[in-house]
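Read through the structure below, which is laid out as structure tokens, and then see the notes.
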Amino acid sequence: MSKLLRQKRGDTLVKTIEKKYGVDLGYRSDAHLHTVLRNEGLPSLSKLLKMTKAGR
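472 is the number of the first residue of the sequence shown in the numbering used here; add one for each residue after it.
Listed below in structure tokens is the structure:
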């Protein structure tokens, strides 16, 4: 992943992230980023994307 990730707000919707980065996070599209990160035990969007690309 060569793109530089900017810090995202915690209230960013999952559908926005999925569309921008071309991934399926496996959460409802109206879930918030901070909820997903908390549930997955991850500190950042970049870690979440790496985990998603690696196949969880």
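Glycine included, C-beta positions come from ideal geometry on N, C-alpha and C.
For clarity, every value in this text was computed on a predicted model and none was experimentally measured.
> Residues in its own chain within less than 6 angstroms of SER500 by CB, not counting five upstream and five downstream?
Replying inline: Here residue 500 refers to the residue found at position 29 of the sequence shown. Only VAL485 and LYS486 meet the Cβ criterion.
> What separation, rounded to the nearest whole angstrom, lies between the Cα atoms of LEU504 and LEU516?
Replying inline: Here residue 504 refers to the residue found at position 33 when the sequence shown is read from its first residue. Here residue 516 refers to the residue found at position 45 when the sequence shown is read from its first residue. So the alpha carbons of these two residues sit roughly 8 angstroms apart.
>> Assuming the contact rule is C-beta atoms closer than 8 angstroms, ASP482 and GLU489 should be a hit. Round their C-beta distance to whole Å, please.
In response: One-based indexing of the sequence shown puts residue 482 at position 11. One-based indexing of the sequence shown puts residue 489 at position 18. GLU489 and ASP482 do not touch by the CB rule: their CB atoms are close to 16 angstroms apart, not below 8 angstroms.
> Rounded to the nearest angstrom, how far is the Cβ of LEU520 from that of TYR492, given a contact under 8 angstroms?
Replying inline: In the sequence shown, the residue the question calls residue 520 occupies position 49. In the sequence shown, the residue the question calls residue 492 occupies position 21. Between TYR492 and LEU520 the Cβ distance is about 6 angstroms, and since that is below 8 angstroms, they are a contact.
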